[in-house]
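Novice: For reference, the structure I am asking about is given below.
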Amino acid sequence: MTTTTPEPPRGDVHAQLNFYSPPADGSAPYNLADLPPNRPPHNYGTATHSVPIRDARGRESSFTLDKDAFQILLNQPPSAEVAFTDDASIEKNYYPEVEQLLLSTVPGATKVIIFDHTIRRPDPTSPRQPVQRVHIDQTGASAAQRVRRHAPSADEAAARLAGRHRIINVWRPLNRRPVASHPLAFASSSTLRDGDIVPVEHRYTATGYVGQTAAIAHNAAQEWYYLSGMTGDERILLECFDSEGGKEGSGVAGGRVAHSAFEDPRTREGAEGRESIEVRALVFGP
Ligand code: OGA
Ligand code: FE
Numbered sequence: 190m191t192t193t194t195p196e197p198p199r200g201d202v203h204a205q206l207n208f209y210s211p212p213a214d215g216s217a218p219y220n221l222a223d224l225p226p227n228r229p230p231h232n233y234g235t236a237t238h239s240v241p242i243r244d245a246r247g248r249e250s251s252f253t254l255d256k257d258a259f260q261i262l263l264n265q266p267p268s269a270e271v272a273f274t275d276d277a278s279i280e281k282n283y284y285p286e287v288e289q290l291l292l293s294t295v296p297g298a299t300k301v302i303i304f305d306h307t308i309r310r311p312d313p314t315s316p317r318q319p320v321q322r323v324h325i326d327q328t329g330a331s332a333a334q335r336v337r338r339h340a341p342s343a344d345e346a347a348a349r350l351a352g353r354h355r356i357i358n359v360w361r362p363l364n365r366r367p368v369a370s371h372p373l374a375f376a377s378s379s380t381l382r383d384g385d386i387v388p389v390e391h392r393y394t395a396t397g398y399v400g401q402t403a404a405i406a407h408n409a410a411q412e413w414y415y416l417s418g419m420t421g422d423e424r425i426l427l428e429c430f431d432s433e434g435g436k437e438g439s440g441v442a443g444g445r446v447a448h449s450a451f452e453d454p455r456t457r458e459g460a461e462g463r464e465s466i467e468v469r470a471l472v473f474g475p
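Take 190 as the starting number for the sequence shown in the working numbering and just add one per residue.
Here it is, written out as structure tokens:
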């Protein structure tokens with residue numbers, strides 16, 4: 190009798206994640222967002238740890254934005270966008286669907302401003318590939334900067350910043366079949382400590398824009414999850430920032446989700462590469 194590894198891999202797994210270690214020379218950490226070839230993309234080090242990553246499949250509804258800073262949505266309707274190759278077409282077809290999804294899913298949300306999207310494809314010619322480094326997309330400082338940049342006026346930005354504002358990334362695979370390689374891992378925000386989070390300057394060399402992301406130091410208290418065999422009719426909401434996060438009495442445990450793609454040791458050689466799109470939005474209200 191021969192046994193074959195089921196595809197996609199299912200169930201809990203141990204895998205290596207790449208965490209933060211500080212620059213050896215004591216300088217402040219930075220990334221180069223649009224790096225020229227042969228330049229180091231960041232000036233800090235990597236601490237690789239093998240961590241348990243639990244399969245959220247079967248208990249998807251037990252995770253919430255306020256507790257975990259991620260939420261899993263199953264059985265989403267097909268998108269009007271099919272190819273996901275043309276930015277203008279994605280903005281026309283897919284953005285309105287993401288906006289509606291956020292308005293109907295995020296409790297208290299009254300306004301959504303989508304500000305970017307990224308497509309990742311595994312072929313070496315693709316500009317973006319899965320990110321195998323644990324990070325958070327924004328910090329409090331860069332979230333406020335995004336509100337000021339994308340709100341229609343300075344007055345509205347000030348008003349929005351005085352109310353609840355969040356940044357949420359809507360992530361989905363684009364493969365036709367269930368994801369079998371480089372799945373996304375995410376840590377419950379309730380298990381991530383402020384001391385694990387290291388702000389990192391995010392420098393766009395072409396435009397001079399300087400944002401801020403966060404690298405993450407390993408801590409055994411962090412509880413990691415993934416969604417096995419994720420399909421194109423599923424979504425993960427990754428909350429990057431919540432102005433209520435960590436506030437006394439808010440019930441919001443940090444409101445920021447650390448995440449990373451990982452190499453699943455069970456992935457069959459030659460398995461299809463993962464393709465995905467992530468759409469980032471400012472979400473305002475209540
Ligand atoms: C993200 C992200 C990495 C990946 O969506 O913010 O970091 O591999 N994605 O999809
Ligand atoms: Fe990210």
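Cβ atoms here follow ideal geometry from the backbone N, Cα and C, with glycine treated the same way.
1) At what residues does the beta strand (DSSP E) containing Asp344 begin and finish?
2) Among residues of its own chain, excluding the 5 on either side of Gly434, which ones have a beta-carbon nearer than 7 Å to its beta-carbon?
3) Please tell me whether, using a cut-off of 8 Å, the distance from the CB of Leu427 to the nearest non-hydrogen atom of the ligand MG is below it.
4) Is it buried or exposed for Glu464, if we count other Cβ within 10 angstroms and need 16 for buried?
5) Where DSSP assigns a beta bridge to Lys300, which residues make up the other side?
6) Determine, using beta carbons only, whether Ser378 comes closer than 9 Å to chain B.
7) Could you spell out where the beta strand (DSSP E) holding His231 opens and where it closes?
8) Indicate whether Val472 and Val368 have their beta-carbon atoms separated by less than 9 Å.
9) If you draw a straight line from the alpha carbon of Pro212 to that of His231, how long is it in whole angstroms?
10) Decide if Met190 is buried, meaning its Cβ has at least 16 other Cβ atoms within 10 Å, or exposed.
11) Near Ala460, which residues of its chain fall below 7 Å by C-beta distance, leaving aside the five closest residues on each side in sequence?
12) Take Pro241 and list the residues in its own chain whose beta-carbon comes closer than 6 Å to its own, dropping the five residues that flank it on each side.
13) Per DSSP, what kind of secondary structure is Gln327 in: helix, strand or coil?
14) Looking at the ligand FE, does it come within less than 8 Å of His448, judged from the CB to the closest heavy atom?
15) Does the Cβ of Val320 lie closer than 8 Å to at least one heavy atom of the ligand FE?
16) Only counting the same chain, and skipping five residues up and downstream in sequence, which positions put a Cβ closer than 8 Å to that of Ser278?
17) I'd like to check one pair, Gly474 with Arg353: are the Cβ atoms closer than 9 Å?
18) Measure from the alpha carbon of Gln260 to the alpha carbon of each residue in Glu249, Pro266, Pro267, then state which is nearest.
19) Can you tell me whether Gly384 is buried or exposed? The criterion is at least 16 other CB atoms within 10 Å of its CB, across all chains shown.
20) Which of the three DSSP states is assigned to Tyr284 in this structure?
21) Quick one: give me the first and last residue of the alpha helix (DSSP H) that Asp257 is part of.
22) Classify Leu381 as helix, strand or coil using the three-state DSSP reduction.
23) Here's the rule I'm using: 16 or more other beta-carbon atoms within 10 Å means buried, otherwise exposed. How should Phe304 be labelled?
24) Taking the straight line between their C-alpha atoms, what separation do you get for Asp255 and His407?
Specialist: Based on what the coordinates show:
1) DSSP places Asp344 outside any beta strand (DSSP E); the residue lies instead in the alpha helix (DSSP H), whose first and last residues are 343 to 351.
2) Only Val441, Gly443, Gly444, Arg445 meet the Cβ criterion.
3) This structure does not include the ligand MG; its bound ligands are the ligand OGA and the ligand FE.
4) Looking at its Cβ environment, which holds 16 or more other Cβ atoms inside 10 Å, Glu464 is buried.
5) Under DSSP, Lys300 takes part in a beta bridge, and its partners are Phe473.
6) Chain labels in this structure do not include chain B; a single protein chain is all it has.
7) DSSP places His231 outside any beta strand (DSSP E), giving it a letter other than H or E.
8) No, Cβ-Cβ distance for Val472 and Val368 is not below 9 Å.
9) Answer to the nearest angstrom: the Cα atoms are 9 Å apart.
10) The predicted model places Met190 with a pLDDT of 48, which falls under 50 and marks its position as unreliable, so this point remains unresolved.
11) If we look at Ala460 and ignore the five residues flanking it on each side, its Cβ neighbours are Glu196, Ala369, Ser370.
12) Closer than 6 Å at the Cβ level, and outside the excluded window around Pro241, lie His203.
13) DSSP places Gln327 in coil when its eight states are reduced to three.
14) Of the heavy atoms belonging to the ligand FE, at least one sits nearer than 8 Å to the Cβ of His448.
15) The answer is yes for Val320.
16) Result list for Ser278: Glu270, Ala272, in chain order.
17) Between Arg353 and Gly474, the C-beta spacing is below 9 Å.
18) With distances taken between Cα atoms, Gln260 lies closest to Glu249.
19) Burial state of Gly384 is exposed, judged by a 10 Å Cβ sphere holding fewer than 16 other Cβ atoms.
20) Tyr284: helix per DSSP, three-state reduction.
21) Asp257 -> alpha helix (DSSP H) spans 254 to 257.
22) Leu381 falls in the coil class under three-state DSSP.
23) With fewer than 16 other Cβ atoms within 10 Å, it is exposed.
24) About 22 Å.
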